[in-house]
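Below: one structure, written as structure tokens.
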Amino acid sequence: MSESGARPRVFSGIQPSGDLHLGTYLGALRQWVEHQHERENVFCVVDLHAITVPEAIDPKGLKAKSREVAALYFASGIDPDANLVFVQSHVREHAELTWLLNCTTPLGWLHRMTQFKAKSDARESVSTGLLDYPVLQAADILLYDTDLVPVGEDQVQHVELTRDIAQRFNHLFGEVFTLPDATVPPSGARVMGFDDPDAKMSKSVAQERDRHAVNLLDDESVIKKTVMSAVTDSGREFRFEHAGAGVRNLLGVLRSLTGESYEALADRYEGRGYGDLKKDVLEAILETVRPIRERYEAYAADPAELDAILARNADRAREHAARTLKRAQDALGVGA
Ligand code: AQP
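Residue numbers for the sequence shown follow the numbering used here, so the first one is 50 and each next one is one higher.
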């Protein structure tokens with residue numbers, strides 16, 4: 050439990066590796082907002098994770114993208130005074146603890162990570178940072194004495210590794226770290242690509258394919274094109290019983306946005322053309338993203354204020370992070 054003992058401390062992060070989309074909103078941001086007062090939250094923009102693939106680094110754009118992601122946290126409803134919201138690289142303890150953990154983590158543990166295998170198989174050469182990605186993630190989590198880490202299925206292995214890293218360190222050098230648990234949202238929380246409903250909607254794919262994702266800051270005309278061209282089934286009419294992945298994805302999005310049950314939606318659209326379903330999905334999406342975009346524009350119009358909020362939050366984060374780092378340094382016999 051967090052130091053106050055009452056509320057669990059939760060660490061969450063999003064990489065500024067592209068435009069935030071409807072999947073990021075429904076799978077992460079909206080849930081963060083819903084639970085923000087029940088927990089002690091650390092909401093980080095994990096830019097050091099976004100540079101583990103050197104080909105994808107955009108030196109001119111990355112700082113701006115990190116600020117955009119932070120502004121979208123606030124525009125989605127995250128309260129900057131009730132939570133810790135900051136950019137990872139602004140708190141250097143993240144990188145420093147990573148080094149200490151690197152020195153106590155067996156290399157074989159990292160080679161076993163399925164996400165590393167998947168990402169490295171597709172590339173001719175990979176950075177050391179890509180292999181080390183889960184150790185940086187462990188440092189993020191452990192610095193704040195985190196109790197819970199909400200993640201998708203694909204990240205559970207990394208949280209388990211974080212526990213192993215912490216346990217090994219505690220065993221070898223004394224009790225320094227709190228052991229975190231992963232929490233996985235229900236499977237319905239996953240939004241699939243509108244152009245390819247068998248794969249999850251993703252920032253990096255959206256950079257390559259126009260009709261893949263609805264980005265939170267897309268123009269309404271672009272959102273319309275993406276939703277109205279979404280993949281459905283080959284027949285002309287909606288048949289719930291035979292609904293394929295594309296139709297199920299549209300229903301899942303509508304259900305998430307309106308709170309209606311699958312049964313109610315199935316009854317409404319049975320026997321109707323897919324165009325009717327798409328129009329309603331479009332309307333629900335626009336109603337959701339409009340106020341987010343308006344609030345985002347207010348932050349974007351005052352970059353000095355946004356920077357001040359982030360600097361204040363980074364100072365607060367650093368206080369906690371520095372205490373944990375000191376414990377780890379003392380345990381190892383390094384540091385002043
Ligand atoms: N399609 C999705 N459906 C539901 N939840 C999603 N999340 C991402 N995509 C979906 C959730 O949003 C957070 C973002 O985490 P991340 O930035 O570390 O990246 P990710 O999961 O790897 O997201 P992308 O969009 O696929 O990014 P790239 O292409 O850069 O790897 C997480 O909580 C995630 O579950």
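We put the CB at the ideal spot given by N, CA and C, even for glycine.
Residue i, DSSP secondary structure in three states
i, result
"Pro352", "helix"
"Pro65", "coil"
"Arg258", "coil"
"Asp230", "strand"
"His70", "strand"
"Met241", "strand"
"Leu265", "coil"
"Glu286", "strand"
"Val91", "strand"
"Pro129", "coil"
"Arg58", "strand"
"Pro199", "strand"
"Val136", "strand"
"Gly322", "strand"
"Lys249", "strand"
"Ala279", "coil"
"Val225", "coil"
"Gly308", "coil"
"Ala292", "coil"
"His84", "coil"
"Ala383", "Position check: residue 383 holds Val in this sequence, whereas Ala was assumed. Reduced to three states, the DSSP call for Val383 is coil."
"Lys109", "coil"
Assigned exposure category for residue i - 16 Cβ within 10 Å defines buried
i, result
"Glu117", "buried"
"Trp148", "exposed"
"Ala231", "buried"
"Glu142", "buried"
"Ile341", "buried"
"Ala113", "exposed"
"Leu156", "exposed"
"Pro352", "exposed"
"Thr73", "buried"
"Pro108", "exposed"
"Lys252", "buried"
"Gly382", "exposed"
"Asp244", "buried"
"Ile106", "exposed"
"Thr275", "buried"
"Arg58", "buried"
"His291", "exposed"
"Gly284", "exposed"
"Pro235", "exposed"
"His70", "buried"
Distance cut-off 8 Å: residue i Cβ against heavy atoms of the ligand AQP
i, result
"Ser138", "no"
"Lys249", "yes"
"Pro199", "yes"
"Gly110", "no"
"Met277", "no"
"Ser270", "no"
"Ala294", "no"
"Met241", "yes"
"His98", "yes"
"Gln64", "yes"
"Leu335", "no"
"Asp196", "no"
"Asp351", "no"
"Lys252", "yes"
"Val134", "no"
"Ser61", "yes"
"Gly72", "yes"
- Message: Check whether the stretch 316–325 and the stretch 78–95 touch, using three or more Cβ-Cβ pairs below 8 Å as the test.
- Response: no
- Message: Under 8 Å, with one C-beta from each stretch per pair, do the stretch 119–134 and the stretch 350–365 reach the 3-pair mark?
- Response: yes
- Message: I want to know whether the stretch 245–260 touches the stretch 301–311 - three or more CB-CB distances under 8 Å.
- Response: no
- Message: Between the stretch 172–188 and the stretch 95–102, can you find at least three pairs of beta-carbon atoms closer than 8 Å?
- Response: yes
- Message: I'd like to know if the stretch 180–193 and the stretch 206–217 are in contact, where contact means that at least 3 CB-CB pairs between them fall below 8 Å.
- Response: yes
- Message: Counting beta carbon pairs with one atom in the stretch 215–224 and one in the stretch 193–200, are three or more of them shorter than 8 Å?
- Response: no
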